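Working notes, structure below.
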Amino acid sequence: MKHTPYLNSAGYFVWKKAPAAPPEPVEKTTNNIARPSENVQTAFSNGVSEQSPQGSLNVLKHQYLMQTATLSTADKQHRTVLEHALEKTIADLPADIQMQARINFYRSHVQDTAKKYETTAERQAETGIER
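Numbering of the sequence shown is given in my numbering, commencing with residue -10 and proceeding in unit increments.
Written out as structure tokens, the structure is:
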């Protein structure tokens, strides 16, 4: 199944499943209405793991790099040090273990950064501060 990327309101890429065939006419009942959450998968859901490990790694690394563009210089340097430490640590491991370690690394950093921004947005809403 194909996935198409788009930016959500928070500025993160999310993946929407592309329909395999043109949609069939739907009866006008509430039982046939699909929820948006059934059609959209974020990179944080298990949807990324449905792809090949290399595909998952590519998606997560892309999101990681997109988030890095908005970070301060100190945060960028910290991420560079962490990436270097990861590569040094996994250098002697088998290829499949290296791939899984990279996937876990990028997934955790993407999620942590997303949580940080979500928390910031919630605090701003509570205080009434607008950008």
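Yeah, the Cβ is synthetic: ideal placement off N, Cα and C, and Gly gets one too. Predicted model, so just to flag it, every value in this text is computed and none were measured.
CA nearest to the CA of Glu72, picked from Asp85, Ser61 and Asn93:
Put simply, of Asp85, Ser61 and Asn93 the residue whose alpha carbon is nearest the alpha carbon of Glu72 is Asn93.
Go through its chain and collect everything with a Cβ distance to Ile79's Cβ below 8 angstroms, but skip five positions before and after it.
Here Ile79 has Ile86, Gln87, Ala90 and Arg91 as same chain residues with Cβ atoms under 8 angstroms from its own Cβ, once five neighbours each way along the sequence are excluded.
Taking just the CA atoms, how far does Ser61 sit from Met(-10)?
Model confidence at Met(-10) stands at a pLDDT of 49, short of 50, so the residue's coordinates are unreliable; what they give is reported in the following sentence. Whole-angstrom Cα-Cα distance: 37 angstroms.
Quick check on the burial criterion: 16 or more other C-beta atoms within 10 angstroms. Buried or exposed for Lys104?
Flag for Lys104 reads exposed.
Enumerate in chain order the residues of its own chain whose CB-to-CB distance from Leu82 is below 6 angstroms, with the five nearest sequence positions on each side excluded.
None.
Identify the continuous alpha helix (DSSP H) that holds Ala74 and give its terminal residues.
Per DSSP, the unbroken alpha helix (DSSP H) holding Ala74 starts and ends at Thr62 to Ile79.
Extent of the continuous alpha helix (DSSP H) to which Ser45 belongs:
DSSP places Ser45 in the uninterrupted alpha helix (DSSP H) bounded by Pro42 to Thr57.
Sequence-distant residues of the same chain with beta carbon closer than 6 angstroms to Leu75, five excluded per side:
The residues Phe94, in chain order, have a CB closer than 6 angstroms to that of Leu75 in the same chain once the five nearest residues on each side in sequence are set aside.
Between the CA atoms of Gln66 and Thr59 - distance to the nearest angstrom
In a straight line, the C-alpha of Thr59 is about 13 angstroms away from that of Gln66.
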